[in-house]
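Visitor: Note that this note's numbering gives residue 467 to position 484 of the sequence shown, counting from 1, and the numbers run on in steps of one. All residues carry an ideal CB built from backbone N, CA and C; glycine is no exception. Supplied in structure tokens, the structure appears directly below.
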Amino acid sequence: MASSRPRPFGLCRIVLAATAMLVTTTIGQTDNSQWHSLNASLSGALRSIYPLALPCFSNYNGTAVDTDPTECAIIQANYTSAAFRANLPNAWMSNQDEMCSSDPQNQCLLDNTSPTDPLAYGNGAVCNQGIVPPVYLEVRGPDDVITAFQHSRQTGTKLAIQNSGHDYLTRSSGQGRLLLWTRKLQSISYNNSFVPCGCPTTDVYNAITAGAGVNMDQAFSFAEQNNVTFIGGYASTVGVSGGWVQAGGHSVLSPVYGLGVDRVVEFKIVTPDGIYRTANACQNQDLFWALRGGGGGTFGVVLETTHRVEPLVSMIVADITIPASAATFTPWFEIMVNNSLQWSQQGWGGHITPSSLIDVNPLLTLQEAKDSMAPAVAFAEANNGSVTFEEFSSYYPFYLKYVGSNQLTVGNVHIAGSRLIPQALFSSETGRAQLMQYLQQVHAQGLSPYIPVVGPTLYNYTANSTSATPAWREAVWELGAGASWAWNSTLAQREAVVTKLNNLTNLVEQITPGGGAYQNEASPFTGDWQEAWWGQENYDSLLAIKNKYDPHGLLSCWKCVGWTENEDEGSCLLGFADST
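Structure (structure tokens):
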């Protein structure tokens, strides 16, 4: 006989668009009494969680349970919806944040290509916890976080921090952890004369302040309502205060207006030593520097950020597509490689794929934009492609048409792999030839290059003012070549994917010696990650700051500052050691 569904602490449902969605489960691996003690300290705010797809399964962690057809149907209908997942503490955009990747049995997934296919969940299939934390706390303010850190110090329980669940490196989840969920911190305000706390009154910024749960779509809409432009990322559900800004934060407007780390002027944060702090250029300056590039989930729980904004920015959009084929791959990318440095220097930013280019430019006139893009236009027109140039009076209409309506694929595994491609490689015939050879290698491996053209080429950067890799300052492209595997893949198949990705990572590192990678979208198996993601000098400084504010190592995540291979939470990725 199937057991009843596991019961939570108190109230067991959260509301999503008027639909009650059960997200709770058993306590998990850590001693039950510890969780109950913490729950009492938090006035009953603690909740237990189970894997998103559990309502479809009849076996949970080896025990028979009742399915819930109603909840299962809701999950199936929304399994690949980023907006759906962004509002749940037990859902991440990429499945590697829920599954133990090196143990194909330790997961609870549907088939993302056909979520209603019972092959994934029927016939007694087992739903295992994977690396979904057993318990979460909906963060309401600094006191909640201070209590959580105190519990972590007393019990040794590790913590994880999640907003909307965008994470390629399993940093916002973890087996046995207490998950601090910040999505409900929804405050947002605009101030055209913001002065960071403790700074001179002459340090005035046109700024938006956002709670840690505010995502890009909300920030873009709010900025438009206030006749300003928020320089943000290319996915609606990415948070403005989390890993995006704390690791670098690129935008299609970055070539002109800089990275997210260049634009944030203040953080409100609870550090692991249990203190609620303000970090800006005038107080806690070391922490401010670390938070601008040192990575999310490392130096504390950010509750609020303030960002410089621009006036409404008019822009030209170039939308050029071609039919993707083996015949067009090389000549198309030759045009991209031969022109990207010049385009970046003219203010273009955007994304390139084997069949498309969508770039924006806030500096050129419509005719100048057409003249600039002439090589790509001519190729598209000669190959039955399409060409559109549009002028927008502000960023938000562009966002609605090109970003909000074309969201990334979620509910699948995506193992990222990318490298920042410097201007120097585009500046010589030899460098361009090496880059083309690499792109052809990616294509030959059956992968599709995805290239954000987001290097801050024209931005007037103050040297050493942020802790992000210095490689950003010379970058034109962030060249991506990620890989995936199916929900029912074997360990051998997964190892083959990792090996392929590592081989490509090694190749691109060879043509960019001394370069770097954007940590949020780099291969999780990067060998010399400290150098690649920060530069060794930056890393050494970041480690000292980490030890100052988190002396007990309460915050630890995969290849974050201070991480070592002895960390238990990395075991699911460490299981691929023989493939790296």
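1) According to DSSP, is Pro314 helix, strand or coil?
2) To the nearest angstrom, report how far apart Gln137 and Leu441 are at their CA atoms.
3) For the putative contact between Val115 and Ser156, defined by C-beta atoms under 8 Å, what is the C-beta separation to the nearest angstrom?
4) Leaving aside the five residues before and after Asp80 along the sequence, list all residues of the same chain whose C-beta is less than 6 Å from its C-beta, in chain order.
5) Let's see if you can read the secondary structure: which residues bound the beta strand (DSSP E) around Val285?
6) Do the stretch 424 to 442 and the stretch 459 to 474 meet, that is, are 3 or more Cβ pairs less than 8 Å apart?
7) Measure the C-alpha to C-alpha separation of Asn106 and Phe40 and round it to an integer number of angstroms.
8) Pick out whichever of Thr130, Phe375, Tyr385, Asn210 has its Cα sitting closest to the Cα of Leu340.
9) Is it a yes or a no for the stretch 418 to 428 touching the stretch 308 to 324, going by three-plus beta-carbon pairs under 8 Å?
10) Which residues in the same chain have their Cβ closer than 7 Å to the Cβ of Leu168, if we skip the five residues on either side of it in sequence?
11) Report all residues from its chain with a CB closer than 7 Å to the CB of Ala190; omit the five preceding and five following residues, and keep chain order.
12) Does the Cβ-Cβ distance between Tyr501 and Gln513 come in under 8 Å?
13) Give me the Cα-Cα distance between Gly498 and Ala515, rounded to the nearest whole angstrom.
14) Could you give the DSSP three-state label for Ile129: helix, strand or coil?
15) So, Asn73 versus Tyr33, is the Cβ gap smaller than 8 Å?
16) Within the same chain, show all residues whose beta-carbon is closer than 7 Å to that of Cys55, passing over the 5 residues directly before and after it, in chain order.
17) Tell me which same chain residues have a C-beta within less than 6 Å of the C-beta of Asp533, skipping the five on either side of it?
18) I'd like to know whether the C-beta atoms of Gly566 and Val244 end up nearer to each other than 8 Å.
19) CB-CB under 7 Å to Gln406, same chain, minus the five flanking residues each way: which ones, in chain order?
20) State the DSSP-derived secondary structure class of Tyr188, mapped to helix, strand or coil.
21) Whose C-beta lies closer than 8 Å to the C-beta of Gly518 among residues of the same chain, with five residues either side of it excluded?
22) Do Ser562 and Glu478 have their beta-carbon atoms positioned less than 8 Å apart in this structure?
23) Rounded to the nearest angstrom, what separates Thr336 and Ile404 at their Cα positions?
24) What are the boundary residues of the beta strand (DSSP E) that Val436 is part of?
25) Considering only the alpha carbon of each residue, which of Thr304, Glu374, Leu391, Gly387 lies closest to Ala365?
26) Hey, Leu161 and Thr140 are a contact pair by Cβ (cut 8 Å); roughly how many whole angstroms apart?
27) Helix, strand or coil: how does DSSP classify Leu29 here?
28) Can you name the residues that DSSP bridges to Phe250?
29) What's the gap between the Cα of Leu142 and the Cα of Thr53?
30) In whole angstroms, what is the alpha-carbon distance linking Ser24 and Gly257?
31) Should Ser224 be labelled buried (16 or more other beta-carbon atoms within 10 Å of its own) or exposed?
32) Quick check on Arg402: does DSSP put it in helix, strand or coil?
33) Roughly how many angstroms separate the alpha carbons of Val118 and Gly280, rounded to a whole number?
34) Rounded to the nearest angstrom, what separates Cys543 and Gly278 at their Cα positions?
35) Which residue comes first and which comes last in the alpha helix (DSSP H) that contains Phe381?
36) On the criterion of 16 or more Cβ atoms from any shown chain inside 10 Å, does Glu374 qualify as buried, or is it exposed?
Guide: Taking the definition as stated:
1) Here DSSP, grouped into helix, strand and coil, assigns Pro314 to helix.
2) Between Gln137 and Leu441, the alpha-carbon positions lie close to 49 Å from each other.
3) Going by Cβ atoms, the distance from Val115 to Ser156 rounds to 6 Å, so yes, they are a contact pair.
4) Counting only Cβ-Cβ distances below 6 Å, and skipping sequence neighbours, we find Asp150, Thr153, Ser156.
5) Note, Val285: beta strand (DSSP E), 284 to 291.
6) At 8 Å Cβ cutoff, the stretches touch.
7) Those two C-alpha atoms are separated by around 9 Å.
8) If we check each option's Cα against that of Leu340, Tyr385 comes out closest.
9) Cβ pair count under 8 Å is three or more, so yes.
10) Counting only Cβ-Cβ distances below 7 Å, and skipping sequence neighbours, we find Val122, Gly194, Ala195, Gly196, Leu286.
11) Answer for Ala190: Asn174, Phe177, Val248, Thr289, His290, Arg291, Val292, listed in chain order.
12) No, these two residues do not count as a Cβ contact at 8 Å.
13) The straight-line gap separating the alpha-carbon atoms of Gly498 and Ala515 is approximately 7 Å.
14) DSSP places Ile129 in helix when its eight states are reduced to three.
15) In this structure, the beta-carbon distance from Asn73 to Tyr33 falls below 8 Å.
16) Closer than 7 Å at Cβ, skipping near neighbours: Pro38, Cys39.
17) Only Pro255 meet the Cβ criterion.
18) Here the chain covers residues -16 to 563 and nothing more, so residue 566 does not appear.
19) Here the set comprises Leu324, Glu457, Val459.
20) In this structure, Tyr188 counts as strand in the three-state DSSP scheme.
21) For Gly518, where only same-chain residues beyond five positions count, the Cβ hits under 8 Å are Thr452, Pro453, Ala454, Gly499.
22) Yes; because the gap between Cβ atoms is below 8 Å, this pair is in contact.
23) In a straight line, the C-alpha of Thr336 is about 16 Å away from that of Ile404.
24) Residues 434 to 436.
25) Nearest option by C-alpha distance: Thr304.
26) Their Cβ separation, rounded to whole angstroms, is 6 Å, which keeps Leu161 and Thr140 in contact under 8 Å.
27) In the displayed model, Leu29 falls within a strand according to three-state DSSP.
28) DSSP, once it has assigned bridges, lists Ala262, Thr288 as partnering Phe250.
29) About 32 Å.
30) Gly257 has its alpha-carbon roughly 15 Å from the corresponding atom of Ser24.
31) Buried, by the Cβ-count rule.
32) In this structure, Arg402 counts as strand in the three-state DSSP scheme.
33) Here the alpha carbon of Val118 sits roughly 17 Å from the alpha carbon of Gly280.
34) Distance between Cys543 and Gly278, taken at the CA atoms: about 7 Å.
35) For Phe381, the enclosing alpha helix (DSSP H) has its first and last residue at 378 to 381.
36) So Glu374 ends up on the exposed side.
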